[in-house]
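Colleague:
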Amino acid sequence: MSLEFPGPQAVRKLGPGKLVIASHNPGKVKEIAALLEPYGIETVSAAALDLPEPEETGTTFVMNAELKARSAADLSGLPALADDSGLCVEALNGDPGVYTANWAETPSGRDWDLAMRKVEDALNAKGPDVSRDAHFVCVLALAWPDGHVEWFEGRAEGTLTWPPRGTVGFGYDPVFVPTGHDRSYAELDPAEKHAISHRADAFRQMVAAVF
1 MSLEFPGPQA VRKLGPGKLV IASHNPGKVK EIAALLEPYG IETVSAAALD
51 LPEPEETGTT FVMNAELKAR SAADLSGLPA LADDSGLCVE ALNGDPGVYT
101 ANWAETPSGR DWDLAMRKVE DALNAKGPDV SRDAHFVCVL ALAWPDGHVE
151 WFEGRAEGTL TWPPRGTVGF GYDPVFVPTG HDRSYAELDP AEKHAISHRA
201 DAFRQMVAAV F
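Using my numbering, the letters of the sequence shown map in sequence onto residues 1 to 211.
#1: Are the CB atoms of ALA22 and ALA69 nearer to each other than 8 Å?
#2: Measure the C-alpha to C-alpha separation of GLY147 and GLU37 and round it to an integer number of angstroms.
#3: Thinking C-beta only, is LEU51 closer than 8 Å to LEU78?
#4: Return the chain-ordered list of same chain residues with a C-beta closer than 6 Å to the C-beta of GLY27, the five sequence neighbours on each side being excluded.
#5: Taking the Cβ atom as the reference point for each residue, do PHE176 and ALA134 lie within a distance shorter than 8 Å?
#6: On the CB-based measure, 16 or more other CB atoms within 10 Å of its CB, does SER45 come out buried or exposed?
#7: State the start and end residues of the unbroken beta strand (DSSP E) segment that holds PRO178.
#8: Mind checking GLY158: buried by the 16 CB within 10 Å criterion, or exposed?
#9: With a threshold of 7 Å on Cβ separation, who are the neighbours of GLU4 within its own chain once the five nearest residues in sequence on each side are excluded?
#10: If you follow the alpha helix (DSSP H) that PHE136 is part of, which residue opens it and which one closes it?
Next up, the structure:
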């Protein structure tokens, strides 16, 4: 799945100070905060500020990341960083993709075990020889209260495994084995995952541009 960004990258710099992580996902907030720590950025989550979660009505990772970042920046008066990421399975025409979290939705909240089972069942329905190639995409949107936004896309290639393996990480991590490794994301030490993940790839681009 290729993404077209909505214009040339801007070059506004981000200095040390407070930044809102526009997410209510504790695992994602922890991971992003760890990646930002070396740059003198004081992070606060949208949940800690009691900011509402905007409805993700976008049809691309870019659109959803931007609407979350803009909402948090507008409401907090601080720069805000949002991530929209997802698992794209080649044999499923890129699904669940931008609807990655939707596959986990239940009346009582998100059930990632259910989401992983849905992916596995969809693959099994295509036969025993179906490709298990997949990739994660992460788009970071960095927004300022004045409306300025920058976007960065990261990607990690891999294959899907079953049954799920590991207890570290979140989301679909237990079924995703990154290329060049024999352990799932959820079996990797957080520092190992930070070095190779789709989110880390997007962060490297952001760091080069704004710090």
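All C-beta atoms in this analysis are idealised placements derived from N, C-alpha and C, irrespective of residue type, glycine included.
Because the structure is a prediction, the values reported are computed rather than measured.
Modeller: If we stick to the structure as given:
#1: Yes; because the gap between Cβ atoms is below 8 Å, this pair is in contact.
#2: 25 Å
#3: no
#4: PHE170
#5: yes
#6: buried
#7: 176-178
#8: Buried is the call here.
#9: Since pLDDT at GLU4 reaches only 45, below the 50 mark, its modelled position is unreliable, and the value read off the structure follows with that caveat. Taken in chain order, the list of residues that qualify is empty.
#10: Counting along the chain, PHE136 falls outside any alpha helix (DSSP H), though it belongs to the beta strand (DSSP E) covering 133-143.
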